[in-house]
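Enquirer: Take this structure first; my questions come after.
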Amino acid sequence: MSESNQYLEIEILMEDNVTIHHLERVTTNETITFNNFIAKLGRDANGFLTIKEGDAHSSINVNKILKLSPKSVHSL
């Protein structure tokens with residue numbers, strides 16, 4: 033079974049109007065992928081979530097997220 037090469041772009045608005053564009057691999061469809069991403073927010077015990085922006089990986093404080101918005105799907 034091959035992995036999807038499609039990624040859902042999720043725009044994350046943080047405090048102080050910082051915007052991050054995270055890429056999440058599409059699983060079944062865009063809605064399920066977005067819902068699975070939201071579910072990750074509550075599972076991380078230390079309050080930080082590892083995200084991918086382009087080729088870079090970092091962690092964000094989930095308590096500082098103001099808004100999550102699914103955008104478009106990209107093939108990589």
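Yeah, the sequence shown ends on 108 if you go by this note's numbering, and it's all consecutive.
All C-beta atoms in this analysis are idealised placements derived from N, C-alpha and C, irrespective of residue type, glycine included.
Keep in mind the model is a prediction, meaning the values are calculated, not measured.
#1: Which word fits Ile92, buried or exposed, when buried means at least 16 other C-beta atoms lie within 10 angstroms of its C-beta?
#2: Give a yes or no on whether the C-beta atoms belonging to Ile42 and His54 are separated by under 8 Å.
#3: Rounding to the nearest angstrom, what Cα-Cα distance links Leu45 and Phe80 in this structure?
#4: If you count every other CB in all the chains shown that lies within 10 Å of the CB of Leu108, and 16 or more means buried, which is it?
#5: Which whole-angstrom value describes the C-beta separation of Leu73 and Val50, a residue pair presumed to lie in contact below a C-beta threshold of 8 Å?
Expert: Let me spell this out:
#1: Ile92 comes out buried.
#2: In this structure, His54 lies closer than 8 Å to Ile42 by Cβ.
#3: If I take the Cα positions, the gap works out to 15 Å.
#4: Looking at its Cβ environment, which holds fewer than 16 other Cβ atoms inside 10 Å, Leu108 is exposed.
#5: Not a contact, Cβ separation roughly 17 Å.
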